[in-house]
Amino acid sequence: MTTQEILVPTDGSPTSVRALGYAAVLAERTGARIHIVNVDEREPKLSEVIAIRESDILDDLHADLLPRHDEFEDDEELDLDDFPEQTIQRTIICRSAAEGIVTYANENDIDIIIMGTHGRSGFERAVMGSVAEEVVRTASCPVLTACPRAGDIDPTHPIRPEVATILVPVDLSSATEEVIERAARAAKIFNASVELFHIIERVSLPPAYGVGAPALDTEAIERRAHKFLEEQASALENSGISVRVNVQSGHAATSILERVESDRPGLVVIGTHGFRGIKRAILGSVAEQVIRHAESPVLTIRTDHEGGEESRLRTTTSSVLSDE
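Here it is as structure tokens:
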């Protein structure tokens, strides 16, 4: 499926404008349309959605959206003169932020949501933060979240991020191919290289009936993980994408965040089951921790399909991207 409709929720903060930068690049290179959604929970009509369609609102966008924010630093002011010439749909959603964003996405066949992880100060105006996490958990389409300083910015075009490398943490579940496929699409759009990253978590097996459980053969696990990922890498390389495979032992979220900090990838593509409640509380959320703490933008892919939790190496390795 190609990207045709992009949704960018915004509260006008520097973070949300940076999210608009990623949308601008994606729209320019795919021909997609951008839906700019201004979320304001202070409006009296909480259920009203007002949509205004215009084919060329660049001047209005620059005049209405950007200059009214005193929080902007000088290096955050944007020149939109060369903004892509595609149709932009601006929408004001007057309802709770997360619900409104997801509802709008569903009603308008949105292919991807791009949003910041921190908004303007004050709960009533913050579109991001916990709202972004709720959108990731409930949206059916991929969600790209960007922190205030996420990504490398071309100084001559501050609105346009550069994505040279894409980090793809995978858990070797049956949904791994879907995550890698999405990463491959992003790599072609941004002309980026890909790193397939698998973490073998140390698992303590409890004694059964007084008999100690046998130790896991981590070397065998690593060989099997390498074999599977090398096959995936070969397919990507055949399509013209530069790929490397990296298999390590450690704690999933910590290892991913350390990798992001050391290599500064332009994008992280990660799977999330999107479940809520007890299952998610017990198993934890690697994807959520990455979204919350990574300084690189994170593209989350919903993988909660039937059977998606079954790991290819379930008997020997834990699932590192379960978001249940």
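Residue numbers for the sequence shown follow our numbering, beginning at 153 and rising by one.
Positions of the beta carbon are idealized from the N, C-alpha and C atoms, including for glycine.
Remember, predicted model here, so these are calculated numbers, not experimental data.
Rounding to the nearest angstrom, what Cα-Cα distance links residue i and residue j in this structure?
i: MET267; j: GLU389; result: 30 Å
i: ASP263; j: GLU157; result: 5 Å
i: SER482; j: ILE393; result: Nothing can be reported for residue 482, as the shown portion of the chain is limited to 153 through 476.
i: GLU259; j: ILE188; result: 15 Å
i: ARG416; j: ASP261; result: 32 Å
i: ARG185; j: ILE422; result: 24 Å
i: ILE351; j: THR154; result: 30 Å
i: GLY183; j: ALA338; result: 14 Å
i: LYS379; j: ALA446; result: 28 Å
i: ASN398; j: THR167; result: 31 Å
i: ALA179; j: ILE341; result: 10 Å
i: GLU329; j: LEU419; result: 18 Å
i: ASN343; j: ASP163; result: 30 Å
i: ARG375; j: GLU382; result: 10 Å
i: HIS403; j: ALA377; result: 16 Å
i: ALA336; j: ASN190; result: 31 Å
i: PRO161; j: ALA249; result: 9 Å
i: THR269; j: GLU251; result: 16 Å
Taking the alpha helix (DSSP H) that residue i falls in, what are its first and last residues?
i: HIS482; result: What the structure shows of the chain is the stretch from 153 to 476, and residue 482 is not part of that stretch, so it cannot be assessed.
i: LEU381; result: 370-390
i: ALA298; result: Note, ALA298: premise wrong, no alpha helix (DSSP H); beta strand (DSSP E) at 295-298.
i: SER282; result: 282-290
i: ARG312; result: Note, ARG312: premise wrong, no alpha helix (DSSP H); not H, not E.
i: ILE443; result: 438-445
Indicate whether residue i and residue j have their beta-carbon atoms separated by less than 9 Å.
i: THR424; j: ALA439; result: yes
i: ILE253; j: LEU348; result: no
i: CYS293; j: ILE265; result: yes
i: ALA171; j: ARG312; result: no
i: SER282; j: GLU353; result: no
i: VAL320; j: VAL346; result: yes
i: ILE443; j: VAL331; result: no
i: PRO449; j: THR255; result: no
i: ARG396; j: ALA387; result: no
i: ALA291; j: ALA327; result: no
Where do the N-terminal and C-terminal ends of the beta strand (DSSP E) with residue i fall, by residue?
i: ASN190; result: 185-191
Touch check for the stretch 310-321 and the stretch 284-293: three-plus C-beta pairs under 8 Å? No, the stretch 310-321 is not in contact with the stretch 284-293.
Three Cβ pairs or more, each shorter than 8 Å: is that satisfied between the stretch 406-415 and the stretch 367-384? no
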